[in-house]
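Student:
Protein chains in written order, with the numbering used here: chain L, 7 to 281; chain R, -14 to 255.
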């Protein structure tokens, strides 16, 4: 009994440790003091500042860039990753499969900073061959994001494909579907939850990314690089950035809670199928 | 039978775009990284093809060695604290006696998904509120804060996969709960511990910006060094990155080896 209380205390303490700073940031986004140490009364000033203040043009610009990059990167990753997963699942050569899945893991296990530097080098070399200017600069960041998002799409889609019965696809072919029709009418609907999950996860990873974006960005800002720019070398985070950080916290935590709500009972299903 | 083979062929080709993409954006950049780490850049920005170890010598020069040892010190201390706090949390989370809801597990994992910049700024806000002076202590605190979930997750996963009948067996054969833990749970959880250690130690020493933000730019680690070198010398940045890559590669091989013995023996592909 005593032990149970001690364990509960341990859980509570660690959870407080994990969430207190985040809560602190959110609480202090509702007051308008220059520092975090004194409470200046409840107000929406930080949010007003964020949406209408001096920096609001830069913030909306960054928001727009983040959204463009996030949507493009997650769409490309989802298409590329879903195709790849279907392909990988039907490859019979164990060796080829092992090689592709191992390389697919590199962006997930590699240190973010190594991925960032290696992409800086790649884009530096590509730039000597292909000149892109102005708006198209964003392409670098989008491609960099596709690089680390696609493995997560595959991670979500591949188990779904393993669960789904290959015989249904074959039956569709036997009943006169072309492989493309069978793909659209049988395989895709079957793995759709995995595809959607992969899409949401890619979008979350993309809008949340800082290191790889910071290294590869050139001439514009996303939300995270803007926050870094405003926070770097300053004693206290400006009020508008507190509000922005709080919004990102809530959005990311909400999205992830949404994703993580489901897959609990799927793992057992997957296990049952493996045999 | 013929038809089946044909259909297998068509679907297989769907992997080609991604294989090409990976070749260009995953494999090629790492090869360029290797190449750059052994070359020099001329003053006009082009690469000279002379093979050289100078970039690696720069990394191990006396001025950088201090930064390397500091990084390893921060990494080891952070990993140790995460292990001491994270192991019991993971152990009790996996124990049905203490935790029945998956929501609690999710609460421990959720912060992993927020980028470390925002979490670090949040901790900085806390320190400011409590008027704590920024320095080594705050850097370590920030690192533990950022990476603790990465220790809890793999340990929790391995412990919850342990067959409960093993513990029942140990109890039936007269082992006290403490002895059963030492003889059964602890050894079986080691792969999780190992992967937790790699998931905390490597990111801690290679992370960029946390140490700067939480020490008032007084303490710089490997990640900050790379950030600086990307501007100064891409070749030195490449050499440092390549060393990190090798260390990660080796630790992944070790982790996979341990894990294979345990979990994925029956997990054939078909």
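In this text, a Cβ means the ideal position worked out from N, Cα and C, and glycines have one as well.
Please read these numbers as outputs of a predicted model, since none were measured by experiment.
(1) For the stretch 187 to 200 of chain L, which residues have a CB atom closer than 7 Å to at least one CB atom of chain R, in sequence order?
(2) What residues from the stretch 223 to 238 of chain L come within 7 Å of chain R, judged by C-beta to C-beta, listed N to C?
(3) Report the three-state DSSP secondary structure of residue 48 of chain L (helix, strand or coil).
(4) Would you mind listing the alpha helix (DSSP H) stretches within the stretch 172 to 216 of chain L that are 4+ residues and don't spill past its ends, in chain order?
(5) Against chain L, with Cβ distances strictly below 7 Å, would residue 114 of chain R count as a contact?
(6) What are the complete alpha helix (DSSP H) segments, minimum 4 residues, inside the stretch 170 to 198 of chain R?
(7) Work out the CA separation of residue 63 of chain R and residue 128 of chain R for me, nearest whole Å.
(8) What residues of chain R sit near residue 21 of chain L, judged by a beta carbon separation below 8 Å?
(9) So residue 262 of chain L contacts chain R; which residues on that side make the cut at Cβ distance below 8 Å?
(10) Could you tell me the alpha carbon to alpha carbon distance between residue 50 of chain L and residue 40 of chain L, rounded to whole angstroms?
(11) Tell me, please, whether the CB atom of residue 242 of chain R is closer than 7 Å to any CB atom in chain L?
(12) Report all residues from its chain with a CB closer than 7 Å to the CB of residue 75 of chain L; omit the five preceding and five following residues, and keep chain order.
(13) Do the CB positions of residue 220 of chain R and residue 26 of chain R come within less than 7 Å of each other?
(14) According to DSSP, simplified to helix, strand and coil, what is residue 32 of chain R?
(15) Does the beta carbon of residue 251 of chain L sit closer than 7 Å to a beta carbon anywhere in chain R?
(16) Just the C-alpha distance for residue 226 of chain R and residue 217 of chain L, rounded to the nearest angstrom, thanks.
(17) Quick check on residue 262 of chain L: does DSSP put it in helix, strand or coil?
(18) For residue 39 of chain L, which of helix, strand or coil comes out of DSSP?
(19) Can at least three beta-carbon pairs, one atom from the stretch 99 to 109 of chain L and one from the stretch 171 to 190 of chain L, be found at a separation below 8 Å?
(20) Starting from residue 127 of chain R, trace the alpha helix (DSSP H) both ways and give me its first and last residue.
(21) Give the straight-line distance between the Cα atoms of residue 187 of chain L and residue 77 of chain R, rounded to the nearest whole angstrom.
(22) Quick one: does residue 93 of chain L have its CB under 7 Å from some CB of chain R?
(23) Strictly under 7 Å for the Cβ-Cβ distance: is residue 161 of chain R near chain L by that measure?
(24) What is the DSSP secondary structure of residue 113 of chain R, counted as helix, strand or coil?
(25) Where DSSP assigns a beta bridge to residue 67 of chain L, which residues make up the other side?
(26) Exposed or buried, what is residue 47 of chain L when buried is set at 16 or more other beta-carbons lying within 10 Å of its beta-carbon?
(27) What are the start and end residues of the alpha helix (DSSP H) that includes residue 206 of chain R?
(28) For residue 174 of chain R and residue 98 of chain R, what's the separation of their Cα atoms in angstroms?
(29) Give the residues of chain L in contact with residue 136 of chain R, contact being defined as C-beta atoms less than 8 Å apart.
(30) For residue 213 of chain R, decide whether its Cβ has a neighbour in chain L, counting only Cβ atoms nearer than 7 Å.
(31) From R:166, R:82, R:94, R:106, pick the residue whose C-alpha is nearest to that of residue 142 of chain R; which is it?
(32) Can you list the residues of chain R that residue 36 of chain L reaches, using a CB-CB cut of under 9 Å?
(33) On a CA-only basis, which of L:111, L:191, L:179, L:192 is nearest residue 161 of chain L? Give me that one, please.
(34) Cβ of residue 79 of chain R within 7 Å of Cβ of residue 161 of chain R?
(35) Can you grab the Cα-Cα spacing for the pair residue 235 of chain L / residue 169 of chain L, in whole Å?
(36) Out of R:114, R:14, R:75, which has the shortest C-alpha to C-alpha gap to residue 116 of chain L?
Tutor: Taking the coordinates as given:
(1) none
(2) 230, 233, 234, 237
(3) Residue numbering aside, residue 48 of chain L sits at position 42 when the first chain is read from its first letter. Three-state result, residue 48 of chain L: strand.
(4) 172 to 180, 185 to 188, 194 to 214
(5) Here residue 114 of chain R refers to the residue found at position 129 of the second chain. True, the Cβ-Cβ gap to chain L drops below 7 Å.
(6) 171 to 191
(7) Here residue 128 of chain R refers to the residue found at position 143 of the second chain. Here residue 63 of chain R refers to the residue found at position 78 of the second chain. Their backbone Cα atoms lie some 6 Å apart in a straight line.
(8) Residue 21 of chain L sits at position 15 when you count from the first residue of the first chain. Those within 8 Å of residue 21 of chain L in chain R are 92, 93.
(9) Counted from its first residue, the first chain places residue 262 of chain L at position 256. Per Cβ cutoff of 8 Å: 95, 98.
(10) Stepping through the first chain from its first residue, residue 50 of chain L is reached at position 44. Stepping through the first chain from its first residue, residue 40 of chain L is reached at position 34. The straight-line gap from Cα to Cα measures roughly 14 Å.
(11) Within the second chain, residue 242 of chain R is the residue found at index 257, counting from 1. Cβ-Cβ to chain L under 7 Å: no for residue 242 of chain R.
(12) To locate residue 75 of chain L, count along the first chain from 1; it is residue 69. Once the five neighbours on either side are set aside, the close Cβ partners of residue 75 of chain L are 144, 147, 148, 151, 212, 228.
(13) As a working note, residue 220 of chain R is residue 235 in the second chain. As a working note, residue 26 of chain R is residue 41 in the second chain. Going by C-beta atoms, residue 220 of chain R is nearer than 7 Å to residue 26 of chain R.
(14) Translated into the one-based positions of the second chain, residue 32 of chain R becomes position 47. Residue state, collapsed to three classes: strand.
(15) Taking the first residue of the first chain as 1, we reach residue 251 of chain L at position 245. So yes, residue 251 of chain L belongs to the interface.
(16) In the second chain, residue 226 of chain R corresponds to position 241, counting from 1. In the first chain, residue 217 of chain L corresponds to position 211, counting from 1. Looking at the two C-alpha atoms, the distance is approximately 14 Å.
(17) Counted from its first residue, the first chain places residue 262 of chain L at position 256. Helix at residue 262 of chain L.
(18) On the first chain, position 33 is the one that residue 39 of chain L refers to. Residue state, collapsed to three classes: coil.
(19) no
(20) By one-based count along the second chain, residue 127 of chain R stands at place 142. Residues 121 to 146.
(21) Mapped onto the first chain, residue 187 of chain L falls at position 181. Mapped onto the second chain, residue 77 of chain R falls at position 92. C-alpha separation (whole angstroms): 50 Å.
(22) Here residue 93 of chain L is taken as the residue at index 87 of the first chain, counted from 1. Yes, residue 93 of chain L counts as interfacial toward chain R.
(23) By one-based count along the second chain, residue 161 of chain R stands at place 176. Output row for residue 161 of chain R: interface = no.
(24) Mapped onto the second chain, residue 113 of chain R falls at position 128. Helix.
(25) Taking the first residue of the first chain as position 1, residue 67 of chain L is located at position 61. Bridge partners of residue 67 of chain L: none, in fact.
(26) Locating residue 47 of chain L in the first chain gives position 41, counting from the first residue. Label assigned to residue 47 of chain L: exposed.
(27) Residue 206 of chain R sits at position 221 when you count from the first residue of the second chain. That residue, residue 206 of chain R, is in no alpha helix (DSSP H); it is neither H nor E in DSSP.
(28) Taking the second chain and counting its residues from 1, one reaches residue 174 of chain R at position 189. Taking the second chain and counting its residues from 1, one reaches residue 98 of chain R at position 113. About 24 Å.
(29) As a working note, residue 136 of chain R is residue 151 in the second chain. Those within 8 Å of residue 136 of chain R in chain L number zero; the least Cβ separation is about 11 Å.
(30) Taking the second chain and counting its residues from 1, one reaches residue 213 of chain R at position 228. Chain L, which has no Cβ nearer than 7 Å to the Cβ of residue 213 of chain R, makes this no.
(31) By one-based count along the second chain, residue 142 of chain R stands at place 157. Ranking R:166, R:82, R:94, R:106 by Cα distance to residue 142 of chain R puts R:94 first.
(32) Position 30 of the first chain, counting from 1, holds the residue named residue 36 of chain L. What residue 36 of chain L touches in chain R: nothing, since even the nearest Cβ is about 13 Å away.
(33) As a position in the first chain, residue 161 of chain L is number 155, starting the count at 1. Residue 161 of chain L has its Cα closest to that of L:111, out of L:111, L:191, L:179, L:192.
(34) Along the second chain, read from residue 1 onward, the residue named residue 79 of chain R stands at position 94. Along the second chain, read from residue 1 onward, the residue named residue 161 of chain R stands at position 176. No.
(35) Within the first chain, numbered from 1, the residue matching residue 235 of chain L stands at position 229. Within the first chain, numbered from 1, the residue matching residue 169 of chain L stands at position 163. The alpha-carbon atoms of residue 235 of chain L and residue 169 of chain L are separated by roughly 46 Å.
(36) Along the first chain, read from residue 1 onward, the residue named residue 116 of chain L stands at position 110. Checked all of R:114, R:14, R:75; the closest Cα to residue 116 of chain L is R:14.
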